[in-house]
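Engineer: Residue numbers (my numbering): 573 to 1702.
All C-beta atoms in this analysis are idealised placements derived from N, C-alpha and C, irrespective of residue type, glycine included.
As the structure is a prediction and not an experimental result, all values here were calculated from the model.
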Amino acid sequence: MVLPLHVQPGPSCLLCLMFFLKWLLLFSLQSSSDKESILTILKVLGDLLSVGTDRRMYYMISKGGSEALLQTLVDTARTAPPDYDILLPLFRLLAKVGLRDKKFGQKALELEALDVTLILARKNLCDSQNLLHCLWALRVFASSVTTGAMLGINGAMELIFEILTPYTRKRTRTIRVATEVLAALLKSKSNSRRAVNRGYVASLLRLHQDWHSHDTANTYMLIRRGFLLCLKHIVTLRSGREAFLAAHGMEVLFSTAQSCLEDKSMEPIISKALQILRRCYPKSPLPLVTGSSAYAFLVPGIITSEPPCALTEGDFEDESDEEVDRGSNSEDVKEEDDDLETDVDKLISKPGLDRPEEELKQYEKMCHELSCSFEEPVSKFGDNWNFGEIQCVNHQHIPMAAASRQRCFNKDQEREDTVQASLLRVVKMGRSSMPLASRKGPITNPYSNVQSNSLGRDSSGSKIPNNQASLKEHAWDIDAMFCSRIGAAFSSSARSRETVEVMDKLLETHPKHIPFHDPYLYMDKAKGTSSVVDFKMMAFPDLWGHCPPPSAQSMLERKCGVQRIKILEDVRRLIQPSDVINKVVFSLDEPWPLQDTASNCLRFFSKFESGNLRKAIQVRECEYDLLLNADVNSTQHQQWFYFEVSGMRAAVPYRFNIINCEKPNSQFNYGMQPTLYSVKEALLGRPTWIRTGHEVCYYKNHYYQSAAATGGTSGKCYYSLTFAVTFPHNEDVCYLAYHYPYTYTALMTHLNILEKSINPKQVYFRQDVLCQTLGGNPCPLVTITAMPESNSTDHLEQFRHRPYQVITARVHPGESNASWVMKGALEFLVSGDPVAQLLRENFIFKIIPMLNPDGVINGNHRCSLRGEDLNRQWLCPRAYLQPTVYHAKGLLHYLSSLGLSPVVFCDFHGHSQKKNVFLYGCSIKETLWQAECTVGTSTLLEDVSYRTLPKILDKLAPAFTMSSCSFLVERSRASTARVVVWREIGVSRSYTMESSYCGCNRGPYKGLQFGTRELEEMGAMFCLGLLILELKSASCSHQLLARAAALLNDEEEALDHHLQRCSSSSSSSSSSEADDEPPCMEEIDYSADSSSDQEGGFSELDRRIHESAIYKDEGDEEEEGPRQGREAIP
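(1) What residues are listed by DSSP as bridge partners for GLU1361?
(2) Mapping DSSP to helix, strand and coil, what is ARG770?
(3) Hey, out of PHE1400, LEU611, ASN726 and ALA685, whose CA is closest to SER638's CA?
(4) Can you pull the DSSP bridge partners for CYS1351?
(5) Give the straight-line distance between the Cα atoms of TYR1563 and CYS1478, rounded to the nearest whole angstrom.
(6) Please list the segments of the alpha helix (DSSP H) lying wholly inside the region 1250 to 1319, counting only runs of 4 or more residues, in order along the chain.
(7) Helix or strand or just coil, what does DSSP make of PHE733?
(8) Quick check: the region 1549 to 1563 against the region 1443 to 1452, are at least 3 beta-carbon pairs closer than 8 Å?
(9) Within 10 Å of its beta-carbon, does ASN966 have 16 or more other beta-carbons around it, so buried, or fewer, so exposed?
(10) Mind checking which residues open and close the alpha helix (DSSP H) that includes HIS805?
(11) Count the other C-beta atoms from every protein chain shown that fall within 10 angstroms of the C-beta of CYS1132, then say buried if there are 16 or more, exposed otherwise.
(12) Taking the runs of the beta strand (DSSP E) that are 3 residues or longer, which of them lie wholly in the region 643 to 678?
(13) Taking C-beta to C-beta, are PHE1180 and PHE1107 nearer than 9 Å?
(14) Comparing alpha-carbon positions, which option in HIS1459, ASN1432 and TYR1577 lies nearest PHE869?
(15) Under three-state DSSP, which class holds PRO1425?
(16) Excluding five sequence neighbours on each side, which residues of the same chain lie with their C-beta closer than 8 Å to the C-beta of TRP783?
(17) Among residues of its own chain, excluding the 5 on either side of VAL646, which ones have a beta-carbon nearer than 7 Å to its beta-carbon?
(18) If you measure between the beta carbons of ARG1227 and LEU1128, is that distance less than 9 Å?
(19) Measuring alpha carbon to alpha carbon, tell me which residue in ARG711, ALA1390 and GLU1361 is nearest TYR690.
(20) Which whole-angstrom value is the C-beta distance of GLY1597 and LEU1521, which I expect to be below 8 Å?
(21) Let's test the definition: count the other Cβ atoms within 10 Å of the Cβ of PRO1352 and tell me whether it reaches 16, buried, or not, exposed.
(22) Helix, strand or coil: which one does DSSP assign to ILE1153?
(23) Under the DSSP definition of a beta bridge, which residues are partnered with THR1380?
(24) For ILE725, which residues from the same chain have a beta carbon less than 7 Å from its beta carbon, with the 5 sequence-adjacent residues on both sides left out?
(25) Measure the C-alpha to C-alpha separation of LEU1326 and PHE1417 and round it to an integer number of angstroms.
(26) Based on the DSSP secondary-structure assignment, which residues constitute the bridge partners of MET1109?
(27) Quick one: residues in its chain with C-beta nearer than 7 Å to the C-beta of CYS852, no 5 flanking neighbours on either side, listed in chain order?
(28) Are the CB atoms of LEU912 and LYS844 within a distance shorter than 9 Å?
(29) So which of SER785, GLY618 and MET938 has the shortest CA-CA distance to PHE1337?
(30) Report the rounded CA-to-CA distance for GLU931 versus THR1456, giving the unit in angstroms.
(31) How big is the Cα-Cα spacing for TYR1214 and GLU1361?
(32) Kindly indicate which residue of PRO1091, ARG1258 and ILE1086 has the alpha-carbon position closest to the one of VAL1074.
(33) With a CB to CB cut of under 6 Å and the five nearest residues on each side skipped, what residues in its chain are close to THR1584?
(34) To which residues of the same chain is LEU1472 closer than 8 Å at the C-beta, ignoring the five residues directly before and after it?
(35) Relative to the alpha-carbon of ARG1550, which residue among VAL1383, ASN1273, TRP1261 and ASN1229 has its alpha-carbon at the smallest distance?
(36) Bridge partners for SER856 per DSSP, in chain order?
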């Protein structure tokens, strides 16, 4: 091609010229028979393809380059004798091209290149260089499963086993590539079956053992890894696992992993060995009599059939060769774009009323504030409460460290005004009320310095004389009190008096006043709480109460390798069972007592409100397997736990393994710890739930249930939460829980104390019953606002036209953190804080603090007594099936019919897989943009004020983060409260507020786990955010602004930028986090087949091929020095 002199070739011309040159070379290669010409063409092609991007190679493939090279290979190999001067560069070029050609194996099969390459390999078993090149080609051919199966039929595996030898320092590069070829071949199930039938499993184990024992310098780690990779592919078959177990593979690899666990350079070996051990650990059913809950409740809509059958061996073995690992269907599963609602009509439509309009009249009685004349005292839900039973009520307005001193009063005392820190002052002091010490470094366990024989100190540091002697003298209080004294309070009035006497004695000996809590009232309220199995006991922490620790605790630093250590301990239990006790010490399924008080084992108990522990098995002297109860009328949702443990020895680490968890991952892998409450500590003046546990780990175990056993469409895998606890005292009674418990009885107690604490002339506080639950418990509805200034028409008119704010919580029983946030909001709203006063004077708060009382009472994690998720029932609830959701939705419809739709609707939740506190909202445009669906978005009008509240909270609340918020509408969430209230009631600011079970990874609380203080603070901050939202709105009245200025004149500087009418952008990014957590450095893939087993991919093989072109022959000895270094792990 000749270009005119005046034409300067540009980049596109040069590119076209290069592509033309490649086509010309390929054409010449196919038509040429001259050796020199072929070598020249191969060299030019190699040079062209070794520089630049892969675009050149893909172009060559598209123009028939693979076929041309393969045909040249076949033609050259069939000449007598084969010319290796041509074959070697040809093999190198084929390996490069073949990795990038998805149809390379099929092309090789059609052109008979597979047979040719196998023949050449067999002829060159003694020639390392020629054999190495043949193996590279075979490796590329075998990357296609179909082609690999054909190679297996033609004897490729037998050929490879002729190359593989016991430990040697000769021909190691060839042996390494041979293991890679074999691993690629074994991805084919037919080849894996052939390997099992021919006894290759035992051979591979012997080769691995030999190389592992002799390679003490770890020079040939990739060869050892190659053997393990071959075994990993074989054990994906059931027959492969059986052969592996028969060849004592578990013992062999257990020894391998144990020997190199501490050596970080052995990561490739440890990782593969543990994956094989996990896969081959024999699957077994959970040690339970049935997969259903131990509790049953007859409810409408459930047809009882014959009792669930016991689990058998047939219930857990899957019939397929491939094991399916499916995560649970939960709120915490990562949102996928294909779940987004892209139907614009569905997004913008407003469905009609889901019930007859006349039914809405019944909710008039729940809005007494709209018709009350205020001429007589308002009737309250708690009027039948015997206030004389209360001896002392502790009161603290603001649930934060900056709040004022606690005070105590009884019915004979006049209500005192207390000096308290304004919430705005707290914000002004730096967005955080937490003591500075808690943000400077790791916080130790509050119990860690407690000596079992030392004098106690109360929370202020003062000595408590003779408390230890008192504990010893009244040792019966610790045990007998739980079994007979407190438990008897439910059965008879005589024993109830005896219980009160016990409580009197305890309070007299160990006085501790806890804000908004009273043990006597709690006992009284507990009598009216209805449970499925009629609980007779109360848990001491719920009765006695909880005070938050003085400072937050740091997240637990994950010990490197802890997951692997725990997995190996499980394997040791299987192969070395001599020290395994395997004794059932507690079970809800057994009608008789299993625990011998004289035996040397821990004692467990969970038959109390919100308790959840189904079974405890002593594995070793200080190790216990624990199984959680499924939700009532369900076979799933094992996550929440709350149980009593006693009979321990101090300073002895006890290991607990909760073996039937369902979620695929957990914050327990990222710094979260369970919570602990010690009775002895409480009686010593420290009634505190604390984070506890070391060596905390969450991983997939060997338990498995079939679809038949679980009642689902697919089988289920389980996960273990394991942690060690060192208890602070001998013979203590302690409680362990997933998170800080908050019972239904605690709520009812709290509401009644709140009601008695307010000034009824200033604060309108009313309790109504929203409805009765299926279990017969009243679901409370709380109304909070300010009393009208007078009974004048103007003041009553202003009162009845106040806008509404609606807040709900605890639809999921296991999300106890939502109740602590709600507790903070309630206490703040009735407080004397200036912000609370403004909120009451300008809004009416309708609050449903617990939407699922039955689930909370009976220790469920997610469901109601029907075994269904109530937050998936908002579309079409039924009064006789989902009464709390039905009437909550009805109340919202009633307010909407009066033109009083809430300004904000928010449902408080807890989140198990993310950190911080954040909001989920609803946006049509953001949903369509995220789904890359632009149809109609340009003409859609949407009020963007749904982002204002989260932006405000991002600036105010130390635990809140805007970057985790999401405003997408998903199909799978179409029946949740957030979406239904947004779509049907028309509330644009309809939210779910999620609080992490763990803590924060950004902001002032970064690195700290949440305590109840921080959660309560979030509730107060949410209320402050509602006020600022109103002050920023265009509809905000001048009267409110003037009132705000008058009441908060000394706090204006703290919030001057929030009180501006113009909107301001948040400092945080508004995009959702793609991944909440990075994977742990030593986390093991749960799946049987990890991502890519091909070492280094294209670049690694390209590098090794390039080296072989430089070094002509490795000879009889393995290369030394720099070349050996290049064979190390890439």
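Structural biologist: Once the coordinates are examined:
(1) As a working mapping, residue 1361 is identified with position 789 in the sequence shown. Beta-bridge pairing by DSSP links GLU1361 to no other residue.
(2) Along the sequence shown, one-based indexing puts residue 770 at 198. Reduced to three states, the DSSP call for ARG770 is coil.
(3) The residue you call residue 638 lines up with position 66 of the sequence shown. Ranking the options by Cα distance to SER638, first place goes to ALA685.
(4) What you label residue 1351 is simply residue 779 of the sequence shown in a count that begins at 1. Answer by DSSP bridge pairing, in chain order: CYS1343.
(5) Here residue 1563 refers to the residue found at position 991 of the sequence shown. Here residue 1478 refers to the residue found at position 906 of the sequence shown. Rounded to the nearest angstrom, the two C-alpha atoms are 5 Å apart.
(6) Taking only runs of at least 4 residues, the alpha helix (DSSP H) segments lying wholly in the region 1250 to 1319 are 1251 to 1255 and 1279 to 1282.
(7) The sequence position of residue 733 within the sequence shown is 161, counting from 1. DSSP, read as helix, strand or coil, puts PHE733 in helix.
(8) With contact defined as three or more Cβ pairs closer than 8 Å, the region 1443 to 1452 and the region 1549 to 1563 are in contact.
(9) By 1-based counting over the sequence shown, the position of residue 966 is 394. Any reading at ASN966 must be qualified, since the residue scores a pLDDT of 34, below 50, and its modelled position is unreliable; the value itself is stated next. Classification for ASN966: buried.
(10) What you label residue 805 is simply residue 233 of the sequence shown in a count that begins at 1. 793 to 806 is the extent of the alpha helix (DSSP H) around HIS805.
(11) The residue given as residue 1132 occupies position 560 in the sequence shown. With fewer than 16 other Cβ atoms within 10 Å, it is exposed.
(12) Within the region 643 to 678, no complete beta strand (DSSP E) run reaches 3 residues.
(13) The sequence position of residue 1180 within the sequence shown is 608, counting from 1. The sequence position of residue 1107 within the sequence shown is 535, counting from 1. Taking 9 Å as the Cβ cut-off, PHE1180 and PHE1107 qualify as a contacting pair.
(14) For this step, residue 869 is matched to residue 297 along the sequence shown. Of the candidates HIS1459, ASN1432 and TYR1577, the one whose C-alpha sits nearest the C-alpha of PHE869 is ASN1432.
(15) As a working note, residue 1425 is residue 853 in the sequence shown. Three-state result, PRO1425: helix.
(16) Position 211 of the sequence shown holds residue 783. Within the same chain, TRP783 has close Cβ partners PRO738, TYR739, TYR792, ILE795, ARG796 and PHE799.
(17) Locating residue 646 in the sequence shown gives position 74, counting from the first residue. LEU683, GLU684, ALA685 and VAL688.
(18) Reading the sequence shown from its first residue, position 655 is the one you call residue 1227. Reading the sequence shown from its first residue, position 556 is the one you call residue 1128. Contact: no.
(19) Here residue 690 corresponds to residue number 118 of the sequence shown, with the count starting at 1. The sequence given here has Leu at residue 690, not Tyr. Ranked by Cα distance from LEU690, the first of ARG711, ALA1390 and GLU1361 is ARG711.
(20) Reading the sequence shown from its first residue, position 1025 is the one you call residue 1597. Reading the sequence shown from its first residue, position 949 is the one you call residue 1521. Right, their Cβ atoms sit about 6 Å apart.
(21) Position 780 of the sequence shown holds residue 1352. By the neighbour-count rule (16 or more Cβ atoms within 10 Å), PRO1352 is buried.
(22) Here residue 1153 corresponds to residue number 581 of the sequence shown, with the count starting at 1. Annotated three-state conformation of ILE1153 is coil, per DSSP.
(23) Stepping through the sequence shown from its first residue, residue 1380 is reached at position 808. Answer is ILE1420 and ASP1479.
(24) Within the sequence shown, residue 725 is the residue found at index 153, counting from 1. None.
(25) Translated into positions along the sequence shown, residue 1326 becomes position 754. Translated into positions along the sequence shown, residue 1417 becomes position 845. Rounded to the nearest whole angstrom, the CA to CA distance from LEU1326 to PHE1417 is 15 Å.
(26) Locating residue 1109 in the sequence shown gives position 537, where the first residue counts as 1. In the DSSP output, where bridge partners are listed per residue, MET1109 has PHE1180.
(27) If you number the sequence shown from 1, residue 852 lands on position 280. Beyond the five residues adjoining it in sequence on each side, CYS852 comes within less than 7 Å, by CB distance, of VAL807, ARG813, PHE816, LEU817, GLY821 and MET822 in the same chain, given in chain order.
(28) Within the sequence shown, the letter at position 272 stands for residue 844. Within the sequence shown, the letter at position 340 stands for residue 912. Not a contact, by the Cβ cut-off of 9 Å.
(29) What you label residue 1337 is simply residue 765 of the sequence shown in a count that begins at 1. Per the Cα distances, MET938.
(30) In the sequence shown, residue 931 corresponds to position 359, counting from 1. In the sequence shown, residue 1456 corresponds to position 884, counting from 1. Straight-line Cα distance between these residues: approximately 15 Å.
(31) Here residue 1214 refers to the residue found at position 642 when the sequence shown is read from its first residue. Here residue 1361 refers to the residue found at position 789 when the sequence shown is read from its first residue. Taking the straight line joining both Cα atoms gives about 47 Å.
(32) Residue numbering aside, residue 1074 sits at position 502 when the sequence shown is read from its first letter. Ranking PRO1091, ARG1258 and ILE1086 by CA distance to the CA of VAL1074 puts PRO1091 first.
(33) Residue numbering aside, residue 1584 sits at position 1012 when the sequence shown is read from its first letter. Close CB contacts of THR1584 within its chain, under the 6 Å cut and outside five residues either way in sequence, are with PRO1120, TYR1312 and TRP1392 (chain order).
(34) Residue 1472 sits at position 900 when you count from the first residue of the sequence shown. PRO1375 and TYR1376, listed in sequence order.
(35) If you number the sequence shown from 1, residue 1550 lands on position 978. The shortest C-alpha separation from ARG1550 is found at VAL1383.
(36) Here residue 856 refers to the residue found at position 284 when the sequence shown is read from its first residue. Under DSSP, SER856 takes part in a beta bridge, and its partners are TYR1275.
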